[in-house]
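**Student:**
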Amino acid sequence: MAKDSRGVTPGRTPDARTEERATDADLVARAVAGEAGAFTELVVRHHAGCLRYAAHLLGDRMEAEDVVQETLLRAYGSLGRYEERQQFRSWLFRILVNRCRTWASRKSVRRLQTAEALDAGPPIAGDGARSFEIRSRLVRALEGLDPRHREAFLLKHGDGLEYEEIERITGASVSALKMRVKRARDHVRARWKELDDDA
Amino acid sequence: MHDDDRWDDAIREAYQRPMAGEEYARERAIARLGRERARDGHGGWWLNPDALRIRPLLAVASLIAVLAIGAWGGAWWMASHRVPEHLPRHAELTDGPTAAAVNDDSLTVTFMFRAPGASRVCLVGDFNDWDPNATPLRRAALGDAWTARVPLRRGLHAYAFVIDGSDWATDPLAPLAPAATFGRRNSVVVVGEGGAL
Chain H
1 MAKDSRGVTP GRTPDARTEE RATDADLVAR AVAGEAGAFT ELVVRHHAGC
51 LRYAAHLLGD RMEAEDVVQE TLLRAYGSLG RYEERQQFRS WLFRILVNRC
101 RTWASRKSVR RLQTAEALDA GPPIAGDGAR SFEIRSRLVR ALEGLDPRHR
151 EAFLLKHGDG LEYEEIERIT GASVSALKMR VKRARDHVRA RWKELDDDA
Chain L
1 MHDDDRWDDA IREAYQRPMA GEEYARERAI ARLGRERARD GHGGWWLNPD
51 ALRIRPLLAV ASLIAVLAIG AWGGAWWMAS HRVPEHLPRH AELTDGPTAA
101 AVNDDSLTVT FMFRAPGASR VCLVGDFNDW DPNATPLRRA ALGDAWTARV
151 PLRRGLHAYA FVIDGSDWAT DPLAPLAPAA TFGRRNSVVV VGEGGAL
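Residue numbers (my numbering), protein chains in the order written: chain H, 1 to 199; chain L, 1 to 197.
(1) The alpha helix (DSSP H) with Trp-103/H in it runs from where to where?
(2) In chain order, what residues of the region 47-80 of chain H put their CB closer than 7 Å to some CB of chain L?
(3) Please list the residues of the region 19-38 of chain H that have a C-beta atom closer than 7 Å to any C-beta atom in chain L, keeping them in chain order.
(4) With burial defined as no fewer than 16 other Cβ atoms inside 10 Å of the residue's Cβ, what is the status of Ala-125/H: buried or exposed?
(5) Could you list which residues in chain L have their beta carbon closer than 8 Å to that of Val-43/H, in chain order?
(6) Would you list, in sequence order, the uninterrupted beta strand (DSSP E) runs of no fewer than 3 residues that lie entirely inside the region 43-94 of chain H?
(7) Have a look at the DSSP bridge pairing and note the partners of Trp-192/H.
(8) Can a CB atom of chain L be found closer than 9 Å to the CB of Val-188/H?
(9) Please return the same chain residues whose Cβ sits closer than 7 Å to the Cβ of Asp-144/L, not counting the five positions on each side in sequence.
(10) Between which two residues does the alpha helix (DSSP H) holding Phe-153/H run?
(11) Please name the residue, chosen from Gly-21/L, Asn-186/L, Val-191/L, that lies closest to Thr-108/L on a Cα-to-Cα basis.
(12) At which residues does the alpha helix (DSSP H) containing Trp-130/L begin and terminate?
(13) Ordered along the chain, which non-local residues of its own chain (more than five positions away) have a Cβ less than 6 Å from that of Ala-191/H?
(14) Let me confirm a value: Glu-194/H is counted as buried when at least 16 other C-beta atoms fall within 10 Å, else exposed. Which label applies?
(15) Just by C-beta distance, which residues in the region 7-24 of chain L are closer than 9 Å to chain H?
(16) Any contact between the region 56-70 of chain L and the region 114-133 of chain L? By contact I mean 3 or more CB pairs, one from each, below 8 Å.
(17) Determine whether the beta carbon atoms of Gly-80/H and Val-43/H lie at a separation below 9 Å.
(18) When the Cα atoms are used, what is the spatial distance from Glu-167/H to Met-78/L?
(19) Using the beta-carbon count (16 or more within 10 Å), is Arg-153/L buried or exposed?
(20) Within this structure, are the beta carbons of His-56/H and Ala-25/L separated by less than 9 Å?
(21) Quick check on Asp-4/L: does DSSP put it in helix, strand or coil?
(22) Drop a sphere of 10 angstroms on the beta-carbon of Thr-23/H, count the other beta-carbons inside from all chains shown, and report buried for 16 or more, exposed for fewer.
(23) Do Leu-145/H and Val-97/H have their C-beta atoms closer together than 9 Å?
(24) Are the CB atoms of Val-139/H and Tyr-82/H within a distance shorter than 9 Å?
(25) Please list, in chain order, the chain H residues whose beta carbon lies closer than 7 Å to that of Arg-114/L.
(26) Do you know offhand how far Ala-61/L's Cα is from Ala-75/L's?
(27) Rounded to whole angstroms, what is the Cα-Cα separation between Pro-175/L and Gly-73/L?
(28) Determine, using beta carbons only, whether Arg-37/L comes closer than 9 Å to chain H.
(29) Whose C-alpha, out of Phe-127/L, Asp-131/L, Met-19/L, Asp-167/L, is nearest the C-alpha of Leu-156/L?
(30) Listed from N- to C-terminal order along the chain, which residues in the region 148-160 of chain H have their beta-carbon within a distance smaller than 8 Å of any beta-carbon of chain L?
(31) What distance in whole Å lies between the Cβ atoms of Asp-8/L and His-157/H, which are believed to be in contact at a cut-off of 8 Å?
(32) Run the CB neighbour count on Leu-58/L, radius 10 Å, all protein chains shown included, and call it buried at 16 or more, exposed below.
(33) Which stretch, first to last residue, makes up the alpha helix (DSSP H) that contains Arg-30/H?
(34) For Val-174/H, count the other beta carbons within 10 Å of its own beta carbon; 16 or more makes it buried, fewer makes it exposed. Which is it?
(35) Counting along the chain, where does the beta strand (DSSP E) carrying Arg-153/L start and finish?
(36) Would you report the Cα separation of Gly-171/H and Arg-139/L, rounded to the nearest angstrom?
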């Protein structure tokens with residue numbers, strides 16, 4: 001596959017031809033057996049989701065990249081403890097959420113960056129102006145939210161997870177999560193309206 | 001569609017919108033994984049704190065096992081270093097050697113001597129030709145008490161203790177012999193009639 005000037009292969013997609021039928025659990029088993037490429041394929045599948053969550057939660061793209069890298073390294077070192085009855089994505093997100101919490105406890109969450117800074121790269125070809133505007137507004141609406149509320153809100157309204165899965169990932173009870181999500185949603189919605197009015 | 005649903009959809013759309021440079025970030029992550037793997041071998045458990053974590057149930061079981069082994073070891077040590085029951089406690093030692101067993105001609109006499117810090121204590125006397133290697137005492141449970149049981153014929157016997165092969169000492173709990181033997185003062189024990197010392 002052709003590589004660009006940075007030596008990477010931007011065309012690689014999550015579903016490489018040879019991995020079409022492999023489930024995450026299959027790939028974990030192969031990675032545990034020593035097949036390095038199997039874990040790389042898991043990274044290909046899940047990196048974007050992890051980065052999106054960390055970037056929105058931490059509000060800092062570069063920090064988010066570091067946290068996701070640490071998460072993947074920890075996941076790789078802990079593959080032996082992964083149990084197949086868990087979804088790999090939930091298991092990985094549990095590590096990610098904990099890493100984000102650790103990071104947030106070390107440094108008080110700073111003001112969120114702008115959507116442009118969060119993207120940290122050139123505009124995506126074909127990306128609609130409307131979509132970009134909504135992202136910018138979301139980033140600004142998330143400002144001022146407590147990390148635990150932001151965490152619950154992003155997992156529920158961003159990733160669209162069920163409360164039971166969020167409970168497994170965060171360790172918080174469903175009732176507590178519902179309360180956090182409601183408060184966060186009220187906050188984001190109010191900020192959203194203010195931004196609408198400003199516009 | 002309800003306003004709330006539309007708003008939720010808009011939020012999700014904004015959140016799920018691909019971030020610029022995602023692919024480069026992913027490749028950087030893969031490259032770092034490759035570097036770490038090459039540096040640590042296959043995961044390097046000694047460098048990975050997760051590898052040392054232990055399940056709570058296993059931790060409790062391990063703790064119980066360690067405590068059980070410790071208790072068993074302690075009981076074994078106490079049993080193996082126990083002061084013989086026929087010996088009086090040190091605080092009660094006021095009369096020097098004690099007698100425990102009797103036959104027609106002799107008594108088995110128990111000697112006890114306290115020698116803090118000693119590594120070897122031996123009993124010498126006229127009953128073993130003052131041989132400093134003939135009758136070693138055994139260290140008792142409390143660490144600085146040493147004991148020996150010796151069959152002695154009835155009558156008066158002079159004795160002393162030799163500490164670490166060179167220092168002679170008399171028994172502070174027994175009377176001293178009136179005359180020196182081999183130039184030293186010695187203690188004396190009288191193995192009397194009727195089983196009394």
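Think of the CB as a built atom: it goes at the ideal place given N, C-alpha and C, for glycine as much as any other residue.
**Tutor:** Taking the geometry as given:
(1) 88-106
(2) His-47, Ala-48, Leu-51, Arg-52, Ala-55, His-56, Glu-65, Val-68, Gln-69, Leu-72, Leu-73, Arg-74, Tyr-76, Gly-77, Ser-78
(3) If the cut-off is 7 Å between Cβ atoms, the region 19-38 of chain H has Gly-34, Ala-36 near chain L.
(4) Below a pLDDT of 50, predicted positions are generally treated as unreliable, and Ala-125/H, at 46, falls in that range; no measurement from the model is reported.
(5) The contacting residues are Arg-26, Ala-29, Ile-30, Leu-33.
(6) none
(7) Paired residues: none, contrary to the question.
(8) yes
(9) Arg-114, Ala-115, Pro-116
(10) 147-153
(11) Val-191/L
(12) Taken as a continuous stretch (DSSP letters only), Trp-130/L belongs to no alpha helix (DSSP H), as it is neither H nor E.
(13) Before going on, a small fix: residue 191/H reads as Arg here, not Ala. Around Arg-191/H: Ala-141.
(14) exposed
(15) Trp-7, Asp-8, Ala-10, Ile-11, Arg-12, Glu-13, Ala-14, Tyr-15, Gln-16, Arg-17, Pro-18, Met-19, Ala-20, Gly-21, Glu-22, Glu-23, Tyr-24
(16) no
(17) Between Gly-80/H and Val-43/H, the C-beta gap is not smaller than 9 Å, which leaves the two residues out of contact.
(18) 52 Å
(19) It is exposed - the Cβ of Arg-153/L has fewer than 16 other Cβ atoms within 10 Å.
(20) Cβ atoms of His-56/H and Ala-25/L: not closer than 9 Å.
(21) helix
(22) exposed
(23) no
(24) no
(25) Within chain H, no residue comes near Arg-114/L; the closest Cβ sits about 57 Å away, beyond 7 Å.
(26) Computed Cα separation, rounded: 21 Å.
(27) 41 Å
(28) yes
(29) Phe-127/L
(30) Going along the region 148-160 of chain H in chain order, one finds Leu-154, His-157, Gly-158, Asp-159, Gly-160 with a Cβ nearer than 8 Å to chain L.
(31) 6 Å
(32) exposed
(33) 24-32
(34) exposed
(35) 145-153
(36) 58 Å
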